[in-house]
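Note that UniProt numbering numbers the sequence shown so that position 64 is 64, with each residue one more than the last. Glycine residues also receive a C-beta, built at the ideal position from the N, C-alpha and C atoms. Just below is one structure, and these are the notes that go with it.
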Amino acid sequence: MKIAIVCYPTFGGSGVVATELGLELARRGHEIHFITYSQPVRLALLSPNVYYHEVNVPEYPLFHYQPYELALSSKLVDMVKLHRIELLHVHYAIPHAYAGYMAKQMLKDEGINIPMVTTLHGTDITLVGNHPFYKPAVTFSINKSDFVTSVSQSLKDDTLKLFNIKNEIEVIPNFIELDKNTNDPSIPCQRSVMAKKNERIITHISNFRKVKRIPDVIKIFYNIQKEIPAKLMMVGDGPEKEKAEYLCQELGILDKVIFFGNSNEIDKILCLTDLFLLPSETESFGLAALEAMACRVPVISSNSGGLPEVNFEGVSGYLSDVGNIEEMAQNSLKILKEDATLQTFKENALSVAKQFDIKNILPLYEALYQKAINKYL
Ligand code: GMT
């Protein structure tokens with residue numbers, strides 16, 4: 001199949017999922033065209049069957065806001081015609097589903113019927129998409145997609161609750177490429193670089209937005225390090241990072257916390273890690289937690305959104321109500337105090353992650369694509 005994938009190219013779950021999906025489809029022989037405004041971060045090297053087309057928005061003094069949707073839909077039309085693309089898969093409803101629908105209509109006018117699959121990722125529904133200023137356009141674009149998927153049951157339920165949706169929504173969970181993420185002997189795992197032998201290593205990875213509850217991460221760690229020797233690795237960048245550094249200073253733990261910024265070496269960081277913290281306000285899925293589990297790292301998370309579908313209580317980690325820092329710290333200590341317990345949780349985390357192996361999930365997308373293409377034959 002010849003598939004155009006539209007996504008955000010930045011560090012963030014939806015872009016990562018879209019990129020990994022495209023790369024695996026390409027390995028399986030499909031022709032994949034990434035269409036976005038810059039090269040996706042996980043698309044370091046162009047591989048066979050993979051193409052990247054950049055969307056440029058020409059500046060003009062009249063424009064207070066650059067019309068990205070216009071440029072994207074025009075690019076989609078041009079690329080579909082040039083490469084005879086058979087299907088559009090847009091990740092994140094805003095504005096991708098909207099621009100995709102416009103491209104579909106323009107192409108229809110020229111006698112080309114192309115199906116569009118829209119994947120909902122979370123914040124496009126729960127945080128941004130249901131703002132009254134966007135809601136009519138988001139509802140319209142979801143309803144006009146040929147097929148709609150959501151990355152968890154929880155996100156599907158939220159979508160049906162928040163929008164007037166007439167389309168079916170199929171749940172296709174996010175996935176992980178296990179072969180790449182576990183036991184790769186080429187990844188040197190030198191714990192000694194980051195911590196002393198007796199210290200536990202705790203990690204948080206995110207885009208440091210408010211929804212991630214960064215102060216909770218730090219306070220949980222503060223409580224942990226009062227009881228056992230530990231280090232915290234904070235990976236990522238975003239609006240809450242500076243405040244986080246101040247909070248560490250205030251609490252007197254700056255020497256125990258390492259701020260990395262954005263990293264393309266997540267596997268190398270996770271292989272050193274004993275515990276992953278994700279106390280988010282909401283999380284449609286929590287890809288970062290799954291990435292941790294695939295590297296044998298248990299997870300302490302909140303129980304909101306789709307997190308209970310990924311992190312299994314008492315198995316791969318523990319879940320608590322949003323903001324319950326004390327319980328999260330206690331549960332962390334339960335896992336970290338004894339080597340044997342930690343080992344059990346590590347093995348459990350990997351076995352839960354195996355359920356989300358890309359090999360199990362990718363055929364679901366392939367079947368859906370085939371159904372979508374057949375719709376217009
Ligand atoms: O978490 C973010 O702020 C980034 C956001 C995104 O659009 O990349 O992540 C969302 O999509 C991911 C991939 O499907 C999910 O794993 C995240 O849980 C989801 N984030 C939220 O729902 C807050």
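Spatially closest choice to residue i from the options, by CA coordinates
i: Asp357; options: Val77, Pro173, His96; result: Pro173
i: Phe285; options: Glu309, Ser302, Ile266, Ile269; result: Glu309
i: Ala329; options: Gln370, Val297, Tyr365, Ile224; result: Ile224
i: residue 391; options: Tyr369, Ala103, Leu88; result: As displayed, the chain neither begins before 1 nor continues past 377, which places residue 391 out of reach and without an answer.
i: Asp339; options: Tyr318, Lys197, Glu366, Phe259; result: Lys197
i: Pro48; options: Leu307, Gly306, Glu24; result: Glu24
i: Pro67; options: Glu86, Val50, His96; result: His96
i: Val41; options: Leu178, Tyr365, Asn264, Ala99; result: Asn264
i: Leu377; options: Arg27, Glu86, Leu72, His30; result: Glu86
i: Thr10; options: Gly238, Ala26, Lys2, Lys212; result: Gly238
i: Thr119; options: Asn113, Tyr134, Leu270, Asn143; result: Asn143
i: Met79; options: Ile114, Tyr60, Phe140, Ser145; result: Ile114
i: Asp321; options: Val352, Ala137, Glu283; result: Glu283
i: Glu366; options: Val16, His204, Gly29; result: Gly29
i: Tyr222; options: Cys248, Lys212, Pro363, Leu162; result: Cys248
i: Leu21; options: Ile266, Ile361, Ala292, Pro61; result: Ile361
i: Lys226; options: Tyr246, Thr203, Ala294, Lys256; result: Lys256
i: Asn348; options: Cys295, Asn374, His204; result: Cys295
i: Tyr8; options: Leu62, Leu72, Asn311; result: Leu72
i: residue 391; options: Thr36, Thr203, Ala137, Gly236; result: Outside the displayed range of the chain (1 to 377) lies residue 391, so it cannot be described from this structure.
i: Ser351; options: Tyr246, Ile253, Leu178, Ile300; result: Leu178
i: Thr344; options: Leu307, Arg27, Ile253, Met293; result: Met293
i: Gly12; options: Pro363, Gln370, Thr123, Ile253; result: Thr123
Distance CB(residue i)-CB(residue j) smaller than 8 Å
i: Leu275; j: Ser206; result: no
i: Ser280; j: Ser304; result: yes
i: His121; j: Ser14; result: yes
i: Leu290; j: Ile176; result: yes
i: Leu160; j: Met116; result: no
i: Ile169; j: Ser154; result: no
i: Leu277; j: Ile228; result: no
i: His91; j: Val6; result: yes
i: Leu319; j: Glu313; result: yes
i: Glu250; j: Ala230; result: no
i: Pro298; j: Lys359; result: no
i: Ile269; j: Met233; result: yes
i: Ile165; j: Val128; result: no
i: Ala244; j: Ile218; result: yes
i: Asn130; j: Val148; result: no
i: Asp216; j: Gly111; result: no
i: Asp146; j: Ala4; result: no
i: Thr139; j: Phe163; result: yes
i: Val17; j: Leu287; result: yes
i: Ser152; j: Val171; result: yes
i: Thr36; j: Val55; result: yes
Cutoff 7 Å; reference residue i; Cβ partners in own chain excluding five residues on either side
i: Leu342; result: Asp274, Ile335, Leu336
i: Leu43; result: Thr19, Phe34, Tyr52
i: Leu272; result: Cys189, Arg191, Met194, Ile201
i: Val77; result: Ala103, Met106, Leu107
i: Lys2; result: Glu31, His83, Arg84, Ile85, Glu86
i: Gln355; result: none
i: Gly261; result: Asp237
i: Tyr98; result: Glu69, Ala137, Ser141
Three-state secondary structure assigned by DSSP to residue i
i: Met79; result: helix
i: Leu368; result: helix
i: Val73; result: Before going further, note that residue 73 is Ser rather than Val in the sequence given. Three-state result, Ser73: helix.
i: Val6; result: strand
i: Leu88; result: strand
i: Tyr68; result: helix
i: Tyr37; result: coil
i: Ile373; result: helix
i: residue 380; result: In the structure as shown, the chain begins at 1 and stops at 377. Residue 380 is therefore absent and cannot be evaluated.
i: Ile172; result: coil
i: Val193; result: helix
i: Glu54; result: strand
i: Glu59; result: coil
i: Glu24; result: helix
Other residues of its chain near residue i: CB distance less than 6 Å, five sequence neighbours each side excluded
i: Glu240; result: Phe208, Ile214
i: residue 381; result: It is not possible to answer for residue 381, since the shown part of the chain is limited to 1 through 377.
Cβ-heavy atom distance, residue i to ligand 3, below 7 Å
i: His121; result: As far as ligands go, the structure on display features ligand 1 and does not contain ligand 3.
Chain D within 8 Å of residue i, Cβ atoms only
i: Gln330; result: In summary, chain D is missing from the structure at hand, where a single protein chain is found.
Residues near residue i in its chain [Cβ-Cβ closer than 8 Å; skip 5 each side]
i: Phe259; result: Met234, Lys241, Ala244, Glu245
i: Lys180; result: Asp267
Length at least 4, wholly inside the segment 91-167: the alpha helix (DSSP H) runs in chain order: Within the segment 91-167, the complete alpha helix (DSSP H) segments at least 4 residues long are 96-109, 123-126, 135-144, 153-162, listed from N- to C-terminus.
Completely contained beta strand (DSSP E) runs for the UniProt domain "Glycosyl transferase family 1" (195-349), where each covers 3 or more residues: Secondary structure within the UniProt domain "Glycosyl transferase family 1" (195-349): the beta strand (DSSP E) runs of 3 or more consecutive residues, fully enclosed, are 200-205, 230-235, 257-261, 275-278, 299-302, 317-320 (chain order).
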